[in-house]
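Let me begin by presenting the structure, written as structure tokens, before commenting on it.
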Amino acid sequence: MSPIWSDITLLLSLFRKGMSKHENIIKKSKKIKSFLLTMILKVLY
Numbered sequence: 001m002s003p004i005w006s007d008i009t010l011l012l013s014l015f016r017k018g019m020s021k022h023e024n025i026i027k028k029s030k031k032i033k034s035f036l037l038t039m040i041l042k043v044l045y
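Just so we're aligned, residue 1 is where the sequence shown starts under our numbering, counting upward by one.
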């Protein structure tokens, strides 16, 4: 295994651990993104 791959797997494992912690934040950001998208669409059309 090359060192790059080990780094990627380590990052992925850390990312998964962080995802469980930040799921609520991600849900909120998704709501914000959808809200922004609807606002942009309203402005455009």
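Using N, Cα and C, we set each Cβ at its ideal position, and we do this for glycine too.
Scanning its chain for C-beta atoms nearer than 8 Å, with the 5 sequence neighbours on each side dropped, one finds no residue around Thr-38. Exclusion of the five residues before and after Ile-40 leaves no residue of its chain whose Cβ lies closer than 8 Å to its Cβ. Each residue's CA atom was taken as its position, placing Glu-23 and Asp-7 some 23 Å apart.
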